[in-house]
Every structure is written in C-alpha cells, then in structure tokens.
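> If you count the sequence shown from 1, position 25 lands on 25 in full-length UniProt numbering, and the numbers rise without skipping. For each residue, glycine too, the CB sits at the ideal point set by N, CA and C. Keep in mind it's a predicted model, so treat the numbers as computed, not measured. The structure is given below, and queries will be raised subsequently.
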Amino acid sequence: MKRALITGAASGIGADVAATLTRAGWESVRTDVKSGEDVVALDVTDPDAWARVLSEHGPFDALVNSAGIRERARLLEVTLDQWERTMAVNLTGTFLGMQAFARTLVESGRPGSIVNVASVNAEKPVVGQPHYCASKAGVAMLTRASALELARHQIRVNAIAPGAIHTPMLQDRLDDPGQEEALVKRIPRRRLGLPSEISAGVEYLLSDGADYVTGVVLPIDGGFLLT
Ligand code: NAI
Numbered sequence: 001m002k003r004a005l006i007t008g009a010a011s012g013i014g015a016d017v018a019a020t021l022t023r024a025g026w027e028s029v030r031t032d033v034k035s036g037e038d039v040v041a042l043d044v045t046d047p048d049a050w051a052r053v054l055s056e057h058g059p060f061d062a063l064v065n066s067a068g069i070r071e072r073a074r075l076l077e078v079t080l081d082q083w084e085r086t087m088a089v090n091l092t093g094t095f096l097g098m099q100a101f102a103r104t105l106v107e108s109g110r111p112g113s114i115v116n117v118a119s120v121n122a123e124k125p126v127v128g129q130p131h132y133c134a135s136k137a138g139v140a141m142l143t144r145a146s147a148l149e150l151a152r153h154q155i156r157v158n159a160i161a162p163g164a165i166h167t168p169m170l171q172d173r174l175d176d177p178g179q180e181e182a183l184v185k186r187i188p189r190r191r192l193g194l195p196s197e198i199s200a201g202v203e204y205l206l207s208d209g210a211d212y213v214t215g216v217v218l219p220i221d222g223g224f225l226l227t
C-alpha cells in the first residue's frame, strides 16, 4: 500500500485530502501543528520535527503540503511578525518538507510525488494580504523549480492553486456581512469550492495516471483566474 504524509491535516483541505487518499487505497498519515487523535504533531517550520516524523513514521511515497496560514492586513499595516510568520509556515515549511522528503527518496532510490497547496493568489493579487500572496507565489515557483531538478530522480512535483474553498480559513472572511455575496459574484461558477474538489485534484496528481505530469500549478477555482 502506498503511503502519504499530509501536513495541515487537522482541518479543511488537508483533512479532506487525507480522507480522500485513504478511500483511494493510500495509507494517509495526517500531521498538523495541532496534534490530536490520529494526527501526528508536526510544525512544518521546524526542521528537527520533519526529520523526526519522516524517520518515525516513514517511508512515504507522497507528500502533500497543505499547512498554511492567512492573516488579513494591508501592506501599510502588516507587521514584520506577520510577514515572517506567513513566510515561515507557507513557504519555508513547504521547502523544508520537500527537501527532507526528497532526500529520503533519493537516498533510497525510490520514486515519489509531491503536491503543494498554493493558491490563486500566487498569480492574482488581492487587497489585504500582500504577505500571503507573496508566500504563495513562492510556493508556485518552488514547485516548478524543484520539479525541474527532481524529475531525473523519478520524483514529480506539482501544486494545486485553490480558489475560494469553504474551510475554516475562509470562514473569517465569510463572517463579514456581505462578503460571501461579493466573493461569489467574482467567481465565474458563482459558488464557493469544496475541499473535496481540491482533494480530487491532489488524488489525480498523485496517481499513476499523472505519471507524465510534473511542474504544474493546477487552478481549481471555478474560473476565478480567468477574470
Ligand atoms: P485551515 O485553516 O482549515 O487548515 C490549515 C491547517 O494548517 C490547520 O489545521 C492548521 O493548524 C495547520 N497549520 C497552521 N500552521 C501550521 C504549522 N506551522 N505546521 C503545521 N500545520 C500548521 O485552512 P485550509 O483552507 O484547509 O487551507 C489549507 C491550504 O490551502 C493552505 O495552505 C491555504 O493557504 C490553502 N488555500 C486555501 C484556500 C481557501 O479558500 N480555503 C484558498 C487557497 C489556498
């Protein structure tokens, strides 16, 4: 049975990806900074934690980097702390996981696959989160640059760029009066996305059917990037 490690899997997209992969026949190891029942503690910003989890729970065939944070603040207000926290979790955390996981594969000569969860904001700027947009643009480029280097090791690296997906992360925005209507109006499909629609993309990218797919940042966004 193939084994996948999923980060940020206590909530939202990561939790759904883990359940979807399990249904598809994978053994899913859920990790999160918030450990709990069936969730292994892994703060993605901590290189020692990565080493520990990979050696205690590995080997893995796949890594899904879904851990992420989004704090709303405009450029004129965002603090250095917010900037550094966002970069640490979203970009450095993804880098640390990719590097540690890929090293285990290369050392053992095994093939593998990585899917990062980027965002439409990797490409499309929005008001109120320049630090988040910059971190996700970093994830998208890190995906493509690493795919180029790792292809010769039989390791594929892809990303999903979700649009507005109904998870706890989006909830603070939806709680603002009028925000949901305003958001949905900007999405060609005229609705929010579901975590399961992101998981379907992750499942495909990890599947043998996607063996020739690498370096792709796949939008699953109801057409948002077209606008
Ligand atoms: P969520 O807030 O429901 O889940 C994020 C998870 O990441 C939480 O369980 C949290 O504890 C975990 N996490 C935070 N810091 C961590 C750390 N240092 N180490 C390990 N885990 C940590 O959010 P959601 O929506 O499921 O987000 C998943 C990914 O999807 C994120 O990378 C997010 O940026 C991305 N995304 C989400 C969109 C949305 O509309 N919900 C849109 C585009 C991208």
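DSSP three-state call for arginine 30: helix, strand or coil?
It is a strand residue.
> Can you find a heavy atom of the ligand NAI that lies under 8 Å from the Cβ of glycine 223?
Flag unset: Cβ of glycine 223 not near the ligand NAI.
> If you reduce the DSSP assignment to three classes, tell me which class glycine 25 lands in.
It is coil, neither helix nor strand.
> Going by DSSP, name the residue or residues bridged to asparagine 65.
Answer by DSSP bridge pairing, in chain order: Asn116.
> Report, in whole angstroms, the separation of the C-beta atoms of aspartate 70 and methionine 169, which I expect to be a contact under 8 Å.
According to the sequence provided, residue 70 is arginine. The question's aspartate does not apply to it. Their Cβ separation, rounded to whole angstroms, is 6 Å, which keeps arginine 70 and methionine 169 in contact under 8 Å.
> The ligand NAI heavy atoms versus the CB of valine 44: any closer than 8 Å?
Because some heavy atom of the ligand NAI lies under 8 Å away, the Cβ of valine 44 counts as near it: yes.
> Pull up the distance between the alpha-carbon of valine 126 and that of leucine 226, whole angstroms please.
Taking the straight line joining both Cα atoms gives about 14 Å.
> Taking Cβ positions, are glycine 8 and valine 44 nearer each other than 9 Å?
It is a contact, given that the beta carbons lie within the stated cut-off.
> Curious, which full-length beta strand (DSSP E) runs of at least 3 residues does the stretch 75 to 148 contain?
Qualifying beta strand (DSSP E) stretches, in chain order: 112 to 117.
> When burial is assigned at 16 or more other CB atoms within 10 Å of the CB, is glutamine 129 buried or exposed?
Glutamine 129 comes out buried.
> Just checking leucine 170 against the ligand NAI - is the residue's beta carbon closer than 8 Å to any of the ligand's heavy atoms?
Yes.
> Hey, would you say alanine 161 sits closer than 9 Å to isoleucine 187, going by beta carbons?
Not in contact: alanine 161 and isoleucine 187 (Cβ atoms no closer than 9 Å).
> Look at the alpha carbon of alanine 137 and the alpha carbon of alanine 88, and state the distance between them as a whole number of angstroms.
Looking at the two C-alpha atoms, the distance is approximately 14 Å.
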